[in-house]
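Take the sequence shown: its letters are residues 686 to 1022, numbered as in the working numbering. Glycine included, every Cβ here is placed at the ideal spot set by N, Cα and C. A short write-up of the structure that comes next.
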Amino acid sequence: MKINKLQVNKSHFDINLKFYFLLKHLVKAKLSKQQALNFLDILGLFKESIEILKDKLIEHISLFKGDGKRDILYLIIDTIENNMEIELLIFSINLYLIKDLLLQEAKLSDIIGASDLNKLDPLSLGYDKISVYRPYSTRVNGALLVLIFFSHLEEGNTNFMSVDAYEFVKTLSEYAISLKDRGIEPNQIFMLMFSESVNQSIISDSGSDYEDRILSVLTKIGIPKNGIKKQHDKDDASTEFDFFFDLNKRTYGIGAKRTLRERYKQFIKTAQMSEIDIMIEITLGQDLNEEKARNIRKHGVYIFVSDEIYKMKEYLRNMNGVFSTRDLNIETLLALK
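Structural data, given as structure tokens:
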């Protein structure tokens, strides 16, 4: 498949490439707030003469500590070729200064999500829904905030920040409008750099999250963490227990997966071969139909599902050996035969 008649004008591409280069290297240089402000002072005083400006900037950079930072800044200065690119550098430094503020705003959705999680059962569907979306919330919130931010700037709207920041935002807005008229795409190019900063600042742990939540419940009910291990079954090496521990002289093996899919069949096979005392499947239960549940129970494997699914499906409540994860406690574990 080929897309016809879509072509980026070279001059449009070149100026936006320069813009991204400046933003990217300012981030790499890791300028402090004061260093960035000092750059803006020099740029403001000497922007009418590119030769004098470059000399003053190079002189200032020579005072910085760290060869790496100096080399990055020298490279930035070397690429400035005309007055329009001086304005682009000024705009880029101002955006660099605002970047961390936008990043903190973007993280608010994640902070609010964490607060909501603290009120929920770790093995509930409600907790799972928030935790699944949580790694993406900062990215999405950041993208939308940047879109709103630049919409305000390009419209000349400067009343969306504090009174103290009015002059700063007014200047930023003037540059955004002026440079956009000359082909700069502030929102799109800033978002390239900003999304990289967002990705570096957050850790996505959704892959192991469900197991972590079960581990937290097991330790909370009194199973010593140092007594819990992950290991393959001694009689069926093809099965790995996510949690294996001893309790009251009996061995317990737990398989923990948000969804069962076809994995439960391996656990059934192991149950027929293994000498382990108690085998348990812990799952959200969204794909646990009656046939699967009866098949699992027929082979002596116990099932724990999220409380919402347990309450929703009568056949689970009526089936011996199937429990709500709210009943995952020492008393229940000891009562299993």
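Asked                                                                                                                            : Found
Counted within 10 angstroms of its Cβ, other Cβ atoms place E881 as buried (16 or more) or exposed                               : exposed
Integer-rounded CB distance, given that L780 should sit under 8 Å from K703                                                      : Not quite, the Cβ-Cβ distance comes to about 14 Å (not below 8 Å), so this is no contact.
Three or more C-beta pairs below 8 Å linking the segment 736-744 and the segment 699-719                                         : no
Cα-Cα separation between S889 and P820, rounded to whole angstroms                                                               : Residue placement at S889 cannot be trusted, given a pLDDT of 42 that sits under 50; the coordinates are not used to answer.
Whole-Å CB distance - I1015 paired with I899, under 8 Å assumed                                                                  : Contact flag wrong, Cβ pair sits at about 15 Å.
Start and end residues, alpha helix (DSSP H) containing K977                                                                     : E975 to K983
Among D894, T924 and F929, nearest to P909 - alpha-carbon criterion                                                              : F929
Three-way DSSP call (helix, strand, coil) for L1018 in this model                                                                : helix
The segment 998-1011 contacting the segment 967-987, beta-carbon criterion three pairs below 8 Å                                 : yes
Residue of I981, N980, V902 and L973 minimising C-alpha distance to Y995                                                         : L973
E966 in three-state terms, based on DSSP                                                                                         : strand
Proximity to K914 [Cα-Cα], best of I965, V825 and D927                                                                           : D927
Assigned exposure category for F698 - 16 Cβ within 10 Å defines buried                                                           : exposed
Cβ neighbour criterion (16 or more within 10 Å) applied to R943                                                                  : buried
Inter-residue Cα distance where the pair is E840 and E975                                                                        : 58 Å
Check whether S809 and S991 have beta carbons under 9 Å apart                                                                    : yes
Limits of the unbroken beta strand (DSSP E) element including S1009                                                              : V1007 to S1009
Alpha helix (DSSP H) segments (min. 4 residues) lying fully within the segment 768-832                                           : 768-802
Contacts around R1002, its chain only, beta-carbon distance under 8 Å, and the 5 residues preceding and following it disregarded : Y995 and K996
Which residues DSSP lists as bridging V990, in chain order                                                                       : T968 and S1009
Proximal residues to L838 (C-beta, below 8 Å), its chain only, five neighbours per side dropped                                  : V854, L857, S858, A861, I862 and P871
Residue range of the unbroken alpha helix (DSSP H) whose run includes R898                                                       : S891 to K905
Same chain, Cβ closer than 6 Å to G892, five either side skipped, listed in chain order                                          : Note that G892 scores a pLDDT of 40, beneath 50, so its modelled location is shaky; the value from the coordinates is reported in the next line. No residues qualify anywhere along the chain.
Between the CA atoms of S794 and T764 - distance to the nearest angstrom                                                         : 38 Å
Nearest-angstrom Cα separation, counted from Q692 out to K732                                                                    : 34 Å
Assigned secondary structure, R645 (DSSP; H/G/I helix, E/B strand, else coil)                                                    : Nothing about residue 645 can be reported from this structure: the residues present for the chain run from 686 to 1022 only.
Reference M769, options D897, L864, S696 and K954, closest by Cα                                                                 : L864
A721 beta carbon less than 9 Å from that of I762                                                                                 : no
Cβ-based neighbour list, R935, same chain, cut-off 7 Å, excluding 5 preceding and 5 following                                    : D962 and I963
Endpoints, beta strand (DSSP E) assigned at I727                                                                                 : Run containing I727: none in the beta strand (DSSP E); it sits in the alpha helix (DSSP H), K718 to F731.
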